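Below you'll find the structure, written out as structure tokens, and then a few comments.
Residue numbers (the UniProt record's numbering): 1 to 81.
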């Protein structure tokens, strides 16, 4: 598989495509199996954006929390590890 299309668009001055991940924790929170605040803290400490260290998200990524959903949004790609 080739990713040439997205790299070519970025090279021409196009905007890099960000990623958005939505985690729906309604059932585990409802059953009191897990606390959504602890998952939010864990994600903020452990997420790495490409080329960065874990925990140093800065402006490259945001983690937001609703009642039973966590949304992770990044401007660039996430690290694969």
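Just so you know, even glycine gets a beta-carbon here, dropped at the ideal spot from N, CA and C. These numbers were taken from a predicted model, which means no experiment stands behind them.
Counting along the chain, no beta strand (DSSP E) covers residue 33, and no H or E run does either.
Taking residue 29 as the centre and dropping the five residues before and after it, the same chain places the C-beta of 36, 68 closer than 6 Å to its C-beta, in chain order. Residue 49 has its alpha-carbon roughly 6 Å from the corresponding atom of residue 77. Per DSSP, residue 69 is one residue of the beta strand (DSSP E) stretching across 69-74. Apart from sequence neighbours up to five positions away, the residues of its chain that approach residue 72 with a beta-carbon distance below 6 Å are 21, 63, ordered along the chain. Counting other Cβ atoms within 10 Å of its Cβ, residue 61 reaches 16 or more and is therefore classed as buried.
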